[in-house]
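Q: Residue numbers (the numbering used here): 14 to 237.
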């Protein structure tokens, strides 16, 4: 199956596919031996999901909704889609806070500043503040990585609660420190695919630990 997809998605990996399965976006059947069995329909569904991430910069929750509505193919092909419910793409859905955090794995192409602004819905002022906090990486052509969409949306959500560029640097510094832990943990792995899978697993564990430590120390709806 990887061979079939790699011509269009060179970065696809087993860990990426398992991540999408964990998120409930694909549900392959299982053989008695436990091996996953992917049908032609499963592979086409995977293609749509990967194209939605790479070409349209859609977050997983939006892809999930379009899959549920049966409209993802229309979105990917650029056909007009009439929303079946109020459009929440550019808003922060706080109801997702009760769901365990899964680490996103953006599969997006590098993008220009105008593409980043369009994908996130933010204005130039907000982008300037995010750049001042040194949250974004750019390549030698000045393009932004696919992760920039997710980072900007998170910063925008925090900004709504007054957690702005004065505070974002602390998140950046913490991430840089924790990167050292990840590098040290996988330093002995020489196989690229095995290394990437281990990195994904470590990041997911770190995010979940951070989330639940925050919950343990925050008061939500009650006084301590």
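A virtual CB, placed ideally from N, CA and C, is assigned to each residue, including glycine.
The structure presented is a predicted model; accordingly, all values stated were derived computationally and were not measured.
Mind checking residue 231: buried by the 16 CB within 10 Å criterion, or exposed?
A: exposed
Q: With distances taken Cα to Cα, identify the nearest neighbour of residue 68 among 82, 214, 142, 21.
A: 21
Q: Just to confirm, are residue 89 and residue 132 a CB contact at a threshold of 8 Å?
A: no
Q: To the nearest angstrom, report how far apart residue 123 and residue 72 are at their CA atoms.
A: 16 Å
Q: For residue 36, tell me which candidate among 87, 59, 48 has the shortest Cα-Cα distance.
A: 59
Q: State the Cα-Cα distance for the pair residue 78 and residue 130, rounded to the nearest angstrom.
A: Distance between the alpha carbons of residue 78 and residue 130 is about 22 Å.
Q: Report the residue from 65, 23, 30 whose alpha carbon sits nearest the alpha carbon of residue 210.
A: 30
Q: Pull up the distance between the alpha-carbon of residue 17 and that of residue 23, whole angstroms please.
A: 10 Å
Q: The alpha helix (DSSP H) with residue 130 in it runs from where to where?
A: 126-133
Q: Could you give the distance in angstroms between the alpha-carbon of residue 62 and the alpha-carbon of residue 202?
A: 30 Å
Q: So, do the segment 157-173 and the segment 192-208 have three or more beta carbon pairs nearer to each other than 8 Å?
A: no
Q: How far does the alpha helix (DSSP H) with residue 138 in it reach, from first residue to last?
A: Per DSSP, residue 138 belongs to the alpha helix (DSSP H) from 137-145.
Q: Could you pull the DSSP bridge partners for residue 151 from this structure?
A: 157
Q: Restricting to Cα atoms, I'd like to know which of 182, 40, 154 is closest to residue 147.
A: 182
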